[in-house]
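Enquirer:
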Amino acid sequence: MQDDRLHWWQTRWFVIAAVLAAAIPLLWPDIPPIVDLPGHMGRYRVQLDRGAHPWLADWYSFKWALIGNLGVDLLIEPLAPLVGLETAVKLIVIAIPVLTVAGLLWIAREVHGRIPATALFALPLAYGYPVQFGFVNFALSMGLALCLFALWLRMARLGRIWLRVAVFVPLSCLLWVVHTFGWGVLGVLAFSSELIRQHDRRKDAGSGHWFESLIRAGLGCAPLALPMLLMIAWRSGADVTGQTADFFYWRTKIAWIVMALRDRWLWFDIGSMAVIYLVLFKALRDPRIGYSRHLGLSALFMLAVYIVLPRIVFGSAYADMRMAPYMIAVAVIAIRPKPGTTFRHAAVLAALGLAFFVVRLAGTTISYLEFDRDYDEELAALPHVPVGARLISFVGHNCHNAWRMSRLEHLPAIALVRRLAYTDDQWSMAGAQLLTSRYTAAGPYAHDPTQIVTSVKCPAEWWRPANYALARFPREAFDYVWLIRPPVYNPRFTVGLVPIWRSPTSNSVLFRIDHDAVVPEASDEELGVPRWLIERIKRRRERLEALRERREREEERLERLRVEQAR
Numbered sequence: 328m329q330d331d332r333l334h335w336w337q338t339r340w341f342v343i344a345a346v347l348a349a350a351i352p353l354l355w356p357d358i359p360p361i362v363d364l365p366g367h368m369g370r371y372r373v374q375l376d377r378g379a380h381p382w383l384a385d386w387y388s389f390k391w392a393l394i395g396n397l398g399v400d401l402l403i404e405p406l407a408p409l410v411g412l413e414t415a416v417k418l419i420v421i422a423i424p425v426l427t428v429a430g431l432l433w434i435a436r437e438v439h440g441r442i443p444a445t446a447l448f449a450l451p452l453a454y455g456y457p458v459q460f461g462f463v464n465f466a467l468s469m470g471l472a473l474c475l476f477a478l479w480l481r482m483a484r485l486g487r488i489w490l491r492v493a494v495f496v497p498l499s500c501l502l503w504v505v506h507t508f509g510w511g512v513l514g515v516l517a518f519s520s521e522l523i524r525q526h527d528r529r530k531d532a533g534s535g536h537w538f539e540s541l542i543r544a545g546l547g548c549a550p551l552a553l554p555m556l557l558m559i560a561w562r563s564g565a566d567v568t569g570q571t572a573d574f575f576y577w578r579t580k581i582a583w584i585v586m587a588l589r590d591r592w593l594w595f596d597i598g599s600m601a602v603i604y605l606v607l608f609k610a611l612r613d614p615r616i617g618y619s620r621h622l623g624l625s626a627l628f629m630l631a632v633y634i635v636l637p638r639i640v641f642g643s644a645y646a647d648m649r650m651a652p653y654m655i656a657v658a659v660i661a662i663r664p665k666p667g668t669t670f671r672h673a674a675v676l677a678a679l680g681l682a683f684f685v686v687r688l689a690g691t692t693i694s695y696l697e698f699d700r701d702y703d704e705e706l707a708a709l710p711h712v713p714v715g716a717r718l719i720s721f722v723g724h725n726c727h728n729a730w731r732m733s734r735l736e737h738l739p740a741i742a743l744v745r746r747l748a749y750t751d752d753q754w755s756m757a758g759a760q761l762l763t764s765r766y767t768a769a770g771p772y773a774h775d776p777t778q779i780v781t782s783v784k785c786p787a788e789w790w791r792p793a794n795y796a797l798a799r800f801p802r803e804a805f806d807y808v809w810l811i812r813p814p815v816y817n818p819r820f821t822v823g824l825v826p827i828w829r830s831p832t833s834n835s836v837l838f839r840i841d842h843d844a845v846v847p848e849a850s851d852e853e854l855g856v857p858r859w860l861i862e863r864i865k866r867r868r869e870r871l872e873a874l875r876e877r878r879e880r881e882e883e884r885l886e887r888l889r890v891e892q893a894r
């Protein structure tokens, strides 16, 4: 029969081509230009070489621990000795969109029997905003979670339930180790699909029908529950830090689903999201297509999780934002053709979906080429940094959250990667990462977000104005200062800083610190500290001084009492 033939978008060759094409934007850049990745690469360097270079242990503490955030960290161990750290990181990052595209198409195949033409509109979300932000362990876990969910569906379809139990107990633990979020999403997807499966197995529709299906679905997902014990052990550690906060920030939750494809060009990214939402709306109105109950319920469950998920979980920011692209992608692959749909209609949708995927890939490729050029221009400073130098870096930023992120925020960490230098951009949160900063001489300039500087003090941010950072950082703790595209600053605060490299294309400059020079002095007002903040600091100092005086008076009174009692 003609309907039994596979259409071009449903063939194995097309799937292979789409999966491989997902890697194209990442092939040229030496360092994948995603925001946080250079910072993670700095941690990997300490992880690999802390024993060979003792000064790294003086600056950073690195301790292995079983936490739900180890994906790339573990993969680096066998790969880096074979191909080098930077190549190993690049290969792992390339695997992220490849796994994501493969997982989405595999899920669509398992649920619908064949890949619907509309599924192609979901593929650009493999380069969603969380990937652009550089959440590599998270993104890797999500790509794996999608593939594992497809395997979960396939084993249920083939009736291999007991084999699925045996396989998914260890797989769920491994996924949790990659990143907790991926394990959680797999649980949501598996439970929703199991709920529909158990419901459809019932022969009757009597009282308690859905309730019993809920119970059976929960029992069916029991093989995924073992990581709960790992989670409890992790978060019960004595040194674990990181809060969970910021629930129901509706403005940002709406923003995340609008900017799920945020990259470089506002019009291009918002327009692309409009195309996806048009497809989702069309599935509600067009009599020729509709939503699968399996994946439709999965998307609704993910939406519920997205709504209740706070912005910060265990100290990791943007927790809810990370869910948005994958929730939307699952909703898109939930769309299926209804009986009677013509080949012509499906082929038109497939052609439009393929064109959308190709255009987004081309845009991402061009964007990454531009960011790679920026990286090369700035990293030309590194040959002037001696191995083992104590380097403080200040990267220019702005207060208005421009759509096009510079991707330079953690570029200083490449000095740690290539020159084994101290950099001040590493995260330092016990229990969230394996590395913490221990360089006490740096004081409040020891770790992220010290490296971010702005022209003025930004509301609700920890970033310092450039003038303040240059005037107040402890010069005796560092040997070099690297300014990466900083805002305008007063040259008076660079007295005693000797320029040894300047960028020919930007205002970036590398200074050597002359420790014999007199450090310029300046008032808080001159350094751009807002009046309200100065007053707050002043009142706090006055309260602390008053508290100290009261304590001294109380100690004197107690001393007099002891003397009198001794008489």
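Okay, so the sequence shown: first residue is 328 according to the working numbering, each after it adds one. Glycine included, C-beta positions come from ideal geometry on N, C-alpha and C.
1. Spell out the partners DSSP gives leucine 810 in its beta bridges.
2. Go to valine 825, then tell me how far its beta strand (DSSP E) extends in each direction, as first and last residue.
3. Note down the Cα distance separating aspartate 596 from proline 360, rounded to an integer number of angstroms.
4. If you reduce the DSSP assignment to three classes, tell me which class leucine 797 lands in.
5. Which residue marks the beginning of the beta strand (DSSP E) containing proline 408, and which one marks its end?
6. Runs of 3 residues minimum, wholly inside the segment 631-671: which ones carry the beta strand (DSSP E) assignment?
7. Report, in whole angstroms, the separation of the C-beta atoms of histidine 506 and phenylalanine 465, which I expect to be a contact under 8 Å.
8. Determine the direct distance from the alpha carbon of methionine 600 to that of valine 585, and round the result to whole angstroms.
9. Buried or exposed for tryptophan 503, going by 16 or more other Cβ atoms inside 10 Å?
10. Taking the alpha-carbon positions, what's the methionine 482 to alanine 350 distance?
11. Fully enclosed by the segment 725-771, which alpha helix (DSSP H) runs are 4 residues long or longer?
12. If contact is defined by three or more beta carbon pairs under 8 Å, each pair taking one atom from either stretch, is the segment 789-798 in contact with the segment 690-709?
13. Taking the alpha-carbon positions, what's the glutamate 881 to methionine 732 distance?
14. Report the rounded CA-to-CA distance for phenylalanine 820 versus leucine 409, giving the unit in angstroms.
15. Quick one: what does DSSP say serine 850 is sitting in, helix, strand or coil?
16. So threonine 571 and proline 664 are in contact, right, with Cβ under 8 Å, and what is the actual spacing, rounded?
17. Counting Cβ pairs closer than 8 Å, one from the segment 858-875 and one from the segment 831-843, do we hit at least three?
18. If I measure Cβ to Cβ from proline 666 and keep anything under 6 Å in the same chain, skipping five residues before and after, which residues do I get?
19. Could you check whether the segment 772-790 touches the segment 678-697, counting it as contact only if at least three pairs of C-beta atoms, one from each stretch, sit closer than 8 Å?
20. What does the alpha-carbon distance come out to for the pair alanine 798 and arginine 812?
21. Kindly indicate the opening and closing residues of the alpha helix (DSSP H) around threonine 781.
22. Which of helix, strand or coil does DSSP assign to histidine 334?
23. What residue range is occupied by the uninterrupted alpha helix (DSSP H) comprising tyrosine 895?
24. Are there 16 or more other CB atoms within 10 angstroms of the CB of proline 457, so buried, or fewer, so exposed?
25. Can you name the start and end residues of the alpha helix (DSSP H) that phenylalanine 389 belongs to?
26. Could you compute how far the alpha carbon of alanine 644 sits from the alpha carbon of phenylalanine 460?
27. Can you round the beta-carbon distance between tyrosine 473 and leucine 418 to whole angstroms, since I take them to be within the 8 Å contact cut?
28. Let me check one thing: in DSSP terms, what residues is glycine 617 bridge-paired to?
29. Below 8 Å, can you find three or more Cβ-Cβ pairs linking the segment 716-731 to the segment 373-381?
30. When the Cα atoms are used, what is the spatial distance from tyrosine 766 to alanine 384?
31. Between alanine 768 and chain B, is any beta-carbon pair separated by less than 7 Å?
32. Start and end of the alpha helix (DSSP H) containing aspartate 527?
33. Compute the distance between the beta-carbons of leucine 622 and alanine 661, then report whether it is under 7 Å.
34. Where threonine 669 and leucine 605 are concerned, what is the direct C-alpha to C-alpha distance, given to the nearest angstrom?
35. Straight-line CA distance for valine 714 to arginine 746?
36. Using a Cβ distance threshold of 8 Å, determine whether the segment 420-437 contacts the segment 749-764, with at least three qualifying pairs required.
Expert: Straight from the coordinates:
1. Phe721, Val836
2. 824-829
3. Aspartate 596 and proline 360 have their C-alpha atoms some 17 Å from each other.
4. helix
5. Careful: proline 408 lies outside any beta strand (DSSP E), inside the alpha helix (DSSP H) at 398-410.
6. 662-664
7. Contact between histidine 506 and phenylalanine 465 holds: their C-beta atoms lie close to 5 Å from each other, under 8 Å.
8. Cα atoms of valine 585 and methionine 600: separation of roughly 7 Å, rounded to the nearest angstrom.
9. buried
10. 28 Å
11. 740-746
12. Note that the segment 690-709 does not touch the segment 789-798; fewer than 3 beta-carbon pairs, one per stretch, sit closer than 8 Å.
13. 54 Å
14. Inter-residue distance for phenylalanine 820 and leucine 409 is about 45 Å (C-alpha atoms, whole angstroms).
15. Of the three classes helix, strand and coil, the one that applies to serine 850 here is coil, per DSSP.
16. Between proline 664 and threonine 571 the Cβ distance is about 42 Å, and since that is not below 8 Å, they are no contact.
17. no
18. none
19. Not touching, per the Cβ criterion.
20. Computed Cα separation, rounded: 18 Å.
21. Element bounds for threonine 781: not the alpha helix (DSSP H) but the beta strand (DSSP E), 779-781.
22. coil
23. The structure shown does not extend to residue 895, since the chain spans only 328 to 894, so no value can be given for it.
24. buried
25. Note, phenylalanine 389: premise wrong, no alpha helix (DSSP H); beta strand (DSSP E) at 387-389.
26. 11 Å
27. The question names tyrosine, but residue 473 in the sequence shown is leucine. Between leucine 418 and leucine 473 the Cβ distance is about 20 Å, and since that is not below 8 Å, they are no contact.
28. DSSP, once it has assigned bridges, lists Arg663 as partnering glycine 617.
29. no
30. The straight-line gap from Cα to Cα measures roughly 9 Å.
31. Annotation note: the requested chain B is absent from the structure, which comprises a single protein chain.
32. From DSSP, the alpha helix (DSSP H) with aspartate 527 extends over 507-528.
33. Their beta carbons are under 7 Å apart, which means leucine 622 touches alanine 661 by this criterion.
34. 21 Å
35. 5 Å
36. no
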